[in-house]
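Read the structure below first, then the notes.
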Ligand code: ASP
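In our numbering, the protein residues as written are 2 to 405.
Listed below in structure tokens is the structure:
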């Protein structure tokens, strides 16, 4: 009897098949077939993931808080998690800036003519109003808008209140754990379809992105990917080895399915169910992973930070602006904040890039120069974002475990 292939193996095969089919369609001149007949299946799959993301984050976080059974533990886990996220994101910014400056100084970045570049930026309302907007006025609206920061706040309040209500909240507690068990079943069913999503999206990307613009921006893309890889090797390998005592090979092997899935779906939120399986496989404690991963998929975006730094230096050079040290520091701060504010969905990092450019006085319309290849940047940055979330859940488990 043949043994059923593991999910990571299935996903890997789907990835390779997707590339092969994509290349055949690209060179055979029928790329539109992938757009018309393959991508829709990927879309169905991502729609399914999106439809469960609000209940997954809500129930997973409340369930995590209830399992910790103590608001002080939630507090220490929360502080460690946010510190890990912020420090690694700041390191990501520095890595992104270093590589971008090396590429720029070596004359490797193309100088594209920004005249006529068009991009309509979203209005940013400033730090204080953004802070105010995290607190919901209408819970149902937060759910229907899938406003994940608000969903996280709602989870924290409900989780804390159920704990505080003690015995009287038993029914609520049971309801959360029962509803979460149902959602977990639903998740595993949808994840079982992941190879279809990976195959169809990969074939579509490979078949349709082989345009001229891709060639002209190849070195900018290479710079971002170099940053992603160095960050993964440096920060996550070191985290795994030093903080957890786990070999980097074991860590990346365990995180592999989520990494590939993030790479093809370009959504940290959609990858959440797969990340949870990987984190569990790597030994992350259930309640900690249930808390850290939804939070990470919303606020922890190391790949996005690297992308924003590389794109900023590149677009500044197209605008003939040489960034000073002070401006670089502004980039680190704004890109860290922008990445926190980036939603875990496809393309969100590019929308938030406008915030970094605005802070430096670079016209946001210049984003139009890179918009066509955003998906290629997005694949790598989402892969890194998700890996960072998994690394954090494993580290925090270890840090919490040590205390016992
Ligand atoms: N797609 C990324 C994610 O979901 C966010 C981004 O666009 O940078 O993590």
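Beta carbons are placed, not taken as given, at the ideal position from N, Cα and C, and that holds for glycine. Predicted, not measured: the structure shown is a model, and the values here were computed from it.
Among the options, nearest to residue i - alpha-carbon criterion
{"i": "residue 16", "options": "182, 25, 264", "result": "264"}
{"i": "residue 390", "options": "268, 310, 155", "result": "268"}
{"i": "residue 298", "options": "66, 30, 83", "result": "83"}
{"i": "residue 395", "options": "26, 224, 200, 292", "result": "292"}
{"i": "residue 8", "options": "282, 342, 378", "result": "282"}
{"i": "residue 379", "options": "180, 158, 226, 11", "result": "226"}
{"i": "residue 402", "options": "81, 64, 13, 33", "result": "81"}
{"i": "residue 319", "options": "307, 28, 61, 364", "result": "364"}
{"i": "residue 64", "options": "12, 174, 142", "result": "174"}
{"i": "residue 241", "options": "152, 24, 397, 78", "result": "397"}
{"i": "residue 335", "options": "360, 314, 99", "result": "360"}
{"i": "residue 344", "options": "222, 370, 303, 280", "result": "303"}
{"i": "residue 48", "options": "313, 290, 309, 271", "result": "271"}
{"i": "residue 90", "options": "352, 309, 313", "result": "309"}
{"i": "residue 199", "options": "255, 262, 31", "result": "262"}
{"i": "residue 150", "options": "300, 286, 24", "result": "300"}
{"i": "residue 157", "options": "352, 10, 34, 73", "result": "73"}
{"i": "residue 245", "options": "399, 186, 54", "result": "399"}
{"i": "residue 96", "options": "280, 71, 307, 294", "result": "307"}
{"i": "residue 152", "options": "113, 61, 216", "result": "61"}
{"i": "residue 13", "options": "191, 34, 256", "result": "256"}
{"i": "residue 110", "options": "160, 248, 216, 247", "result": "216"}
{"i": "residue 107", "options": "33, 178, 221", "result": "221"}
{"i": "residue 193", "options": "387, 6, 388", "result": "6"}
{"i": "residue 289", "options": "46, 78, 249", "result": "78"}
{"i": "residue 101", "options": "367, 323, 356, 388", "result": "323"}
{"i": "residue 325", "options": "362, 252, 356", "result": "362"}
{"i": "residue 273", "options": "294, 142, 374, 190", "result": "294"}
{"i": "residue 36", "options": "76, 207, 166, 121", "result": "207"}
{"i": "residue 230", "options": "45, 388, 247", "result": "388"}
{"i": "residue 140", "options": "159, 374, 127, 130", "result": "159"}
{"i": "residue 260", "options": "186, 237, 337, 132", "result": "237"}
{"i": "residue 373", "options": "355, 351, 356", "result": "351"}
Residue range of the unbroken alpha helix (DSSP H) whose run includes residue i
{"i": "residue 1", "result": "Outside the modelled stretch of the chain, which goes from 2 to 405, sits residue 1, for which no answer is possible."}
{"i": "residue 151", "result": "149-166"}
{"i": "residue 268", "result": "Per DSSP, residue 268 belongs to no alpha helix (DSSP H) and is neither H nor E."}
{"i": "residue 359", "result": "349-361"}
{"i": "residue 200", "result": "195-209"}
{"i": "residue 247", "result": "Segment: none, residue 247 is in no alpha helix (DSSP H) and carries neither H nor E."}
{"i": "residue 15", "result": "8-29"}
{"i": "residue 233", "result": "First-last for residue 233: undefined, no H or E at that position."}
{"i": "residue 293", "result": "287-300"}
{"i": "residue 373", "result": "Run containing residue 373: none; DSSP gives neither H nor E here."}
{"i": "residue 85", "result": "72-106"}
{"i": "residue 48", "result": "40-69"}
{"i": "residue 114", "result": "Here residue 114 belongs to no alpha helix (DSSP H), and DSSP marks it neither H nor E."}
{"i": "residue 314", "result": "303-319"}
{"i": "residue 365", "result": "Premise fails: residue 365 is in no alpha helix (DSSP H) and is neither H nor E."}
{"i": "residue 128", "result": "128-134"}
{"i": "residue 346", "result": "Segment: none, residue 346 is in no alpha helix (DSSP H) and carries neither H nor E."}
{"i": "residue 143", "result": "140-145"}
{"i": "residue 180", "result": "171-192"}
Test item: CB-CB of residue i and residue j under 9 Å
{"i": "residue 275", "j": "residue 195", "result": "yes"}
{"i": "residue 228", "j": "residue 333", "result": "no"}
{"i": "residue 232", "j": "residue 93", "result": "yes"}
{"i": "residue 393", "j": "residue 86", "result": "yes"}
{"i": "residue 1", "j": "residue 155", "result": "The shown model of the chain, from 2 to 405, leaves out residue 1, and the question about it has no answer."}
{"i": "residue 164", "j": "residue 66", "result": "yes"}
{"i": "residue 316", "j": "residue 385", "result": "no"}
{"i": "residue 19", "j": "residue 201", "result": "yes"}
{"i": "residue 347", "j": "residue 50", "result": "no"}
{"i": "residue 180", "j": "residue 56", "result": "yes"}
{"i": "residue 115", "j": "residue 369", "result": "yes"}
{"i": "residue 313", "j": "residue 382", "result": "no"}
{"i": "residue 135", "j": "residue 53", "result": "no"}
{"i": "residue 224", "j": "residue 258", "result": "no"}
{"i": "residue 371", "j": "residue 218", "result": "yes"}
{"i": "residue 188", "j": "residue 277", "result": "yes"}
{"i": "residue 191", "j": "residue 31", "result": "no"}
{"i": "residue 39", "j": "residue 22", "result": "yes"}
In chain order, what residues place their C-beta within less than 6 Å of a heavy atom belonging to the ligand ASP?
267, 268, 269, 302, 305, 343, 345, 346, 347, 348, 349, 350, 379, 382, 383, 386
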